[in-house]
Amino acid sequence: RPPPPPVHHMGGGMIGLPPGMGIGMPPGMMPGMGMGMGGMGGMGGMGMMMGAGGMMGAGSAAANMAAASMAAGVLPMTQQATRHARRVYVGNLPPSANEAIVATFFSNALTAIGGAAAMPGEAVVNVYMNAEKKFAFVEFRTVEETSNAMALDGVLMEGISLRVRRPNDYNPTIAATLGPSGPAPTLNLAVIGLTPGGSGGGAAAGGGGGGGGGQQEDQGNRLFIGGLPYFLTEAMVRELIEAFGPVRSFDLVKDKETGNSKGYGFFVYQDQSVTDVACEGLHGMKMGDKTLTVRRATQQGQGKPAA
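Here my numbering is used: the first residue of the sequence shown is 21, the next is one more, and so on.
Listed below in structure tokens is the structure:
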């Protein structure tokens, strides 16, 4: 019987050779580098492994893999785990809304009321929108910003009152361990025409006049005006809307830091019979490169069914 084929050891690797077949160390191969060959000819696969004396040690490779895992795996998993507490459902979006418009609107609104975190970038990181059914899921950077965004329920977007709710996958027990579950009490909701403590987390603000049933009547006839050129002063806008009659209340929304107009406001006419006439006369009016949007500030006032 012929003797068994010799076994040649090279560093960490091992190659078994049939009789008469030899292998030499290729020029430049560093000591400690081993080669493993499976099968014969083109049937097998060849792999290389680095020994302790090779170009890369096992400890270094493991460290690199751990770093890659941290970069590619751990952070997204953390984001995934907190996503249910960092998203809100937004319903009743206006027809012109898209992902970019919704993201900008909520980032700006959250900043305006003082609910955005003191960090660079925008508060909204993602918007998932169903344009056909006019709803979206808005994702924020932090749990705290998301809870503050719940106070935006009822905020007007192009004169339409938005519904802001927690998503169906929201887990309040887990969310309580991640951050505050409710809006901060220091939010300045008045700057965007909201009052704190309204039903649903943010009802539209009153028109600033009358009480009891009169205030409810004002609510039904309260108008939103948007698309105002920023250079128009409060007196100029008042003069524009009072072309249809004196107003009982008027609020031009301004930036709380600069005092500049934000291009929209709310008002109620003393004679509420002129409300519809003013809507027809002012809505769509061109002012420079802008077009005015004038609508009732509540869904009910627009004749749409309440949600």
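Think of the CB as a built atom: it goes at the ideal place given N, C-alpha and C, for glycine as much as any other residue.
A quick note: this is a predicted structure, and the numbers were derived from the prediction, not measured.
Assuming Met-170 and Val-184 are in contact, meaning their beta carbons sit under 8 Å apart, how far apart are those beta carbons, in whole angstroms?
6 Å
Beta carbon of Ala-123, beta carbon of Val-163: below 8 Å?
no
Using a 10 Å radius around the Cβ and a threshold of 16 neighbouring Cβ atoms, would you call Pro-115 buried or exposed?
exposed
If you check the beta carbons only, do Ser-127 and Val-144 fall under 8 Å apart?
yes
Could you pull out every residue in the same chain whose Cβ sits closer than 6 Å to the Cβ of Tyr-190, ignoring the five residues on either side in sequence?
His-104
The stretch 192-201 in contact with the stretch 255-267 per 3-pair CB rule at 8 Å:
no
Report the rounded CA-to-CA distance for Ala-317 versus Ala-120, giving the unit in angstroms.
23 Å
Output the residue ranges of the alpha helix (DSSP H) runs that lie fully inside the stretch 287-323 and measure 4 residues or longer, sorted by chain position.
295-302
Along the chain, where does the alpha helix (DSSP H) containing Met-256 start, and where does it finish?
254-261
Please report the distance separating the alpha-carbon of Ala-88 from that of Thr-102.
Bear in mind that a pLDDT of 42 at Ala-88, under 50, signals an unreliable position, so the number given afterwards is only what the model happens to contain. Between Ala-88 and Thr-102, the C-alpha separation is close to 22 Å.
Just the C-alpha distance for Pro-249 and Lys-282, rounded to the nearest angstrom, thanks.
9 Å
Any Cβ of chain B within less than 8 Å of the Cβ of Ile-180?
Here chain B cannot be found, since the structure has a single protein chain.
Other residues of its chain near Asp-275: CB distance less than 7 Å, five sequence neighbours each side excluded
Lys-282
DSSP three-state assignment for Leu-172, whether helix, strand or coil
helix
Mapping DSSP to helix, strand and coil, what is Glu-159?
strand
Shortest alpha-carbon distance to Phe-155 belongs to which of Thr-131, Arg-315, Ser-167, Arg-186?
Arg-186
Could you pull out every residue in the same chain whose Cβ sits closer than 8 Å to the Cβ of Thr-131, ignoring the five residues on either side in sequence?
Ala-143
What's the call for Asp-173, buried or exposed, on a 16-neighbour Cβ count within 10 Å?
buried
Taking C-alpha atoms, which residue in Met-256, Asp-309, His-303, Gly-308 lies nearest to Glu-178?
His-303
What is the DSSP secondary structure of Arg-103, counted as helix, strand or coil?
helix
Are the CB atoms of Gly-213 and Leu-176 nearer to each other than 8 Å?
yes
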